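Taken in order, these protein sequences are the chains called A and B. Numbering of the first sequence is given in the working numbering, commencing with residue 4 and proceeding in unit increments. Numbering of the second sequence is given in the working numbering, commencing with residue 59 and proceeding in unit increments. To keep things clear, I will list the structure first and then write my remarks on it.
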Amino acid sequence: MQLTFEGRAYDLRPGESVLDAMARHGVGLPSACRVGSCQACMIRSVSGDPGPDARRGLKATWLASGYFLACLARPSCDLTVAEPGDDAHTAARLISARAMGPGVLRVLVRPDRCLDYQPGQHVTLSRPGGITRIYSIVSLPAQSARTGIELHVRVYPAGAMSGWLARARPGAPLSLGSPAGECFYLPGNSAGPLLLAGTGTGIAPLLAVARAALADQHPGQVVLIHGAAEPDGLYLGRQCPPELTASPGSAVSWRTCVLSDGEDIAAAAAAELAALACPPGSVRAYLCGGAGSVGRIRRALFMAGMSLADIYADRFVQAGAGR
Amino acid sequence: MTAETSVYERLGGSLAIRSVTEVFYRKVLSDDLLAPYFDDVDMDRQIAKQASFLTMALGGPNEYTGDDLRSAHAGMPDLDDKHFDGVLGHLADTLRAFGVSEADVSEVGAVADSVRNDVLNR
Ligand SMILES: Cc1cc2nc3c(=O)[nH]c(=O)nc-3n(C[C@H](O)[C@H](O)[C@H](O)COP(=O)(O)OP(=O)(O)OC[C@H]3O[C@@H](n4cnc5c(N)ncnc54)[C@H](O)[C@@H]3O)c2cc1C
Ligand code: HEM
């Protein structure tokens with residue numbers, strides 16, 4: 004059997020794990036426990052089946068992207084693997100960047116070719132001058148194809164990307180990387196309630212998740228919580244955006260939390276979970292925004308009985324601070 | 059129980075270990091005596107490490123490669139027996155909640171107790 008990685012083929016012995024085979028050939032993958040607990044050795048299958056054991060305990064969204072654990076993979080056929088997150092770039096142009104509230108722009112971008120992504124994923128955006136930042140995609144793939152890829156960007160006046168976008172002309176050349184992130188909606192994956200909590204522009208990917216859930220006629224309740232430091236940070240308003248209430252039969256609720264008014268989004272999320280009054284194991288939570296608030300919400304939901312495996316989180320770390 | 063099957067196997071392998079670990083960790087974080095020690099610690103890292111530890115204590119397959127327990131706890135010189143007993147108590151309660159027999163609970167407790175001096179750095 005053959006294992007292909009970065010264009011090179013390696014032999015794979017029967018019963019040998021992908022991790023061991025690569026190590027034998029001098030290709031060291033990150034690894035720690037080697038028994039499937041730590042998930043440090045997660046890689047992606049481009050073609051071939053790594054076998055069912057290799058997917059044990061992985062989130063559904065990772066499985067959909069072809070991820071598996073190299074330590075548990077004992078394939079019985081040829082396999083081509085890649086490191087998580089290979090970068091492929093797509094040229095694009097700026098359609099428009101208009102204010103949607105104080106300090107937040109709705110940015111529309113037209114890629115040269117169709118971008119393949121799951122609702123809720125994020126993408127790297129590069130501008131002339133070699134500046135690259137990560138933004139979450141708000142539009143569903145079908146909407147992106149029609150009106151362009153929609154991003155919500157908080158403007159830092161001195162920000163190398165956001166400040167530039169605020170001044171950029173329509174038509175400006177851009178480039179997009181390959182979409183990534185585990186905070187995305189999978190059609191038909193589960194019928195249970197979705198708890199979506201985001202701070203600042205962290206609500207952007209959650210809008211995509213909510214839109215996808217509605218498009219999929221998700222049977223469970225969809226609870227959105229938007230948190231902001233100050234009242235004017237609620238750039239989508241205090242009421243549920245009409246597009247989310249328009250579809251009949253959907254159960255969407257919208258709640259806002261303003262830190263300066265003493266409203267704690269972690270406590271609000273736990274209260275919404277309790278109000279759903281269903282087994283914590285049937286709920287899936289998606290959290291996005293600053294690392295501090297995402298961490299606190301995650302902990303509150305964990306303490307309220309949710310398993311970490313059911314909590315999908317994306318942290319908007321600042322450029323340069325990781326990623 | 060005899061050594062034929064380990065507690066780990068009776069709990070159903072590593073997937074059950076993950077939920078056991080979460081319940082255990084939730085108890086630790088709810089304990090005012092212990093919680094402050096875990097304030098700044100990354101939950102995922104902790105859960106992964108505790109899962110490896112539990113796997114080991116329950117007699118499952120383990121190739122634990124973390125720092126040794128002594129150095130892992132060396133930064134907490136004020137840890138003493140009441141913290142340690144607290145952790146052991148939560149471990150036992152957790153196992154009982156998963157229907158583990160008293161014989162197995164004490165077997166696991168004894169394994170965990172054998173590292174007391176390392177954890178408490180003495
Ligand atoms: C997974 C992921 C998804 C993201 N999605 C979005 C999104 O959908 N919308 C969005 O607006 N941003 C998002 N971000 C953040 C974004 O990538 C940039 O970090 C942000 O736009 C700042 O870039 P900049 O070039 O404008 O500012 P920089 O030139 O990098 O920084 C300019 C100034 O602003 C300050 N600053 C930068 N970022 C922050 C911050 N987050 N909080 C406080 N101060 C800050 C810096 O300290 C600096 O003083 C995401 C980040 C990640 C990791
Ligand atoms: C049966 C007793 C215990 C065992 C077996 C145990 C086991 C472990 C293990 C395996 C690690 C990870 C080591 C590594 O790989 O880095 C760890 C870390 C840690 N333990 Fe314990 N522990 C015990 C008791 C305690 C107690 C009583 C406390 C304090 C209340 C405590 C607090 C911590 C903290 C805070 C860390 C994280 C250190 C870090 O990663 O920064 N432990 N423990």
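C-beta atoms are modelled at their ideal positions from N, C-alpha and C, and glycine is treated no differently. Computed from a predicted structure; not experimentally measured.
Give the secondary structure of residue i by DSSP, where H, G and I count as helix, E and B as strand, and everything else as coil.
{"i": "F305 (chain A)", "result": "helix"}
{"i": "T150 (chain A)", "result": "helix"}
{"i": "G124 (chain B)", "result": "Interpretation of G124 (chain B) is limited by its pLDDT of 41, a score under 50 that renders its predicted location unreliable; the figure taken from the coordinates is listed afterwards. DSSP places G124 (chain B) in coil when its eight states are reduced to three."}
{"i": "D90 (chain A)", "result": "In this predicted model, D90 (chain A) has a pLDDT of only 48, less than 50, meaning its place in the structure is not dependable; the value taken from the coordinates is given anyway. Of the three classes helix, strand and coil, the one that applies to D90 (chain A) here is coil, per DSSP."}
{"i": "D14 (chain A)", "result": "strand"}
{"i": "Y188 (chain A)", "result": "coil"}
{"i": "D317 (chain A)", "result": "strand"}
{"i": "V107 (chain A)", "result": "strand"}
{"i": "F111 (chain B)", "result": "helix"}
{"i": "R113 (chain A)", "result": "strand"}
{"i": "M164 (chain A)", "result": "coil"}
{"i": "V212 (chain A)", "result": "helix"}
{"i": "I137 (chain A)", "result": "strand"}
{"i": "T60 (chain B)", "result": "Note on T60 (chain B): pLDDT 48, under 50, position unreliable in the model; the coordinate value appears next. Looking at T60 (chain B) - three-state DSSP - the assignment turns out to be coil, as it is neither helix nor strand."}
{"i": "H148 (chain B)", "result": "helix"}
{"i": "M4 (chain A)", "result": "coil"}
{"i": "S50 (chain A)", "result": "strand"}
{"i": "V255 (chain A)", "result": "strand"}
{"i": "S181 (chain A)", "result": "coil"}
{"i": "L199 (chain A)", "result": "strand"}
{"i": "Y159 (chain A)", "result": "coil"}
{"i": "R58 (chain A)", "result": "helix"}
Between residue i and the rest of its own chain, which residues show a CB-CB distance below 7 Å, the 5 nearest in sequence each way excluded?
{"i": "D90 (chain A)", "result": "With a pLDDT of 48 at D90 (chain A), under the threshold of 50, the predicted position of this residue should be treated as unreliable, and no value is reported."}
{"i": "R58 (chain A)", "result": "L66 and F71"}
{"i": "A95 (chain A)", "result": "V112, R113, P114, D115, L177, S178 and L179"}
{"i": "A132 (chain B)", "result": "N179"}
{"i": "L391 (chain A)", "result": "Residue 391 (chain A) is absent from the model: chain A starts at 4 and stops at 326."}
By alpha-carbon positions, which one of the options ends up nearest to residue i?
{"i": "G223 (chain A)", "options": "A:T135, A:G203, A:A145 and A:P196", "result": "A:P196"}
{"i": "G174 (chain A)", "options": "A:A211, A:L311, A:R130 and A:G205", "result": "A:R130"}
{"i": "V110 (chain A)", "options": "A:H92, A:L82, A:C74 and A:V158", "result": "A:V158"}
{"i": "A163 (chain A)", "options": "A:Q146, A:R136 and A:S147", "result": "A:R136"}
{"i": "Q146 (chain A)", "options": "A:V126, A:P55 and A:A211", "result": "A:A211"}
{"i": "S172 (chain B)", "options": "B:R128, B:D89, B:D97 and B:A74", "result": "B:R128"}
{"i": "V141 (chain A)", "options": "A:A76, A:A215 and A:C74", "result": "A:A215"}
{"i": "G10 (chain A)", "options": "A:Y188, A:V49 and A:P245", "result": "A:V49"}
{"i": "D138 (chain B)", "options": "B:N175, B:P119, B:T63 and B:G70", "result": "B:N175"}
{"i": "A280 (chain A)", "options": "A:Y289, A:W257 and A:M309", "result": "A:M309"}
{"i": "G329 (chain A)", "options": "B:H141, B:V81 and B:T113", "result": "What is shown of chain A runs 4 to 326, which leaves residue 329 (chain A) out entirely."}
{"i": "E60 (chain A)", "options": "B:G117, B:F111, B:A106 and B:L116", "result": "One detail in the question is off: residue 60 (chain A) reads as Gly in this sequence, not Glu. Minimum Cα distance to G60 (chain A) is reached at B:A106."}
Confirm the yes/no value for this check: CB of residue i, any heavy atom of ligand 2, distance under 8 Å.
{"i": "Y95 (chain B)", "result": "yes"}
{"i": "M134 (chain B)", "result": "yes"}
{"i": "K107 (chain B)", "result": "yes"}
{"i": "H141 (chain B)", "result": "yes"}
{"i": "L87 (chain B)", "result": "no"}
{"i": "A115 (chain B)", "result": "yes"}
{"i": "Q42 (chain A)", "result": "no"}
{"i": "G144 (chain B)", "result": "yes"}
{"i": "V173 (chain B)", "result": "yes"}
{"i": "R302 (chain A)", "result": "no"}
{"i": "F82 (chain B)", "result": "no"}
{"i": "S34 (chain A)", "result": "no"}
{"i": "L82 (chain A)", "result": "no"}
{"i": "Q104 (chain B)", "result": "yes"}
{"i": "V177 (chain B)", "result": "yes"}
{"i": "L199 (chain A)", "result": "no"}
Closer than 8 Å: is that where the CB of residue i sits relative to any heavy atom of ligand 1?
{"i": "A163 (chain A)", "result": "yes"}
{"i": "D235 (chain A)", "result": "no"}
{"i": "H125 (chain A)", "result": "yes"}
{"i": "S139 (chain A)", "result": "yes"}
{"i": "V156 (chain A)", "result": "yes"}
{"i": "P208 (chain A)", "result": "yes"}
{"i": "V112 (chain A)", "result": "no"}
{"i": "F305 (chain A)", "result": "no"}
{"i": "V212 (chain A)", "result": "no"}
Please go through the same chain and pick out, in chain order, the residues whose beta-carbon is closer than 8 Å to the beta-carbon of residue i, but skip the five residues on each side of it.
{"i": "D162 (chain B)", "result": "M59, V65, R68 and L153"}
{"i": "T123 (chain B)", "result": "Unreliable placement is indicated for T123 (chain B), whose pLDDT of 43 sits below 50; the coordinate value is still reported in the next sentence. Closer than 8 Å at Cβ, skipping near neighbours: no residue."}
{"i": "D102 (chain B)", "result": "none"}
Which residues in the same chain have their Cβ closer than 6 Å to the Cβ of residue i, if we skip the five residues on either side of it in sequence?
{"i": "A93 (chain B)", "result": "L87"}
{"i": "P17 (chain A)", "result": "none"}
Would the stretch 99-108 of chain A count as touching the stretch 163-183 of chain A if we require 3 or more Cβ pairs under 8 Å?
Because the criterion of three Cβ pairs below 8 Å is met, the stretch 99-108 of chain A and the stretch 163-183 of chain A touch.
On the three-pair Cβ rule with 8 Å, is the stretch 281-301 of chain A touching the stretch 201-209 of chain A?
The stretch 281-301 of chain A, when compared against the stretch 201-209 of chain A, does touch it at the 8 Å Cβ threshold.
Given 8 Å as the limit, is there contact between the stretch 302-315 of chain A and the stretch 268-286 of chain A, that is, 3 or more CB pairs closer than that?
In the pairwise beta carbon analysis, the stretch 302-315 of chain A is classified as touching the stretch 268-286 of chain A: at least three pairs are separated by under 8 Å.
Check whether the stretch 232-243 of chain A and the stretch 259-266 of chain A are in contact - that is, three or more C-beta pairs closer than 8 Å.
These segments touch.
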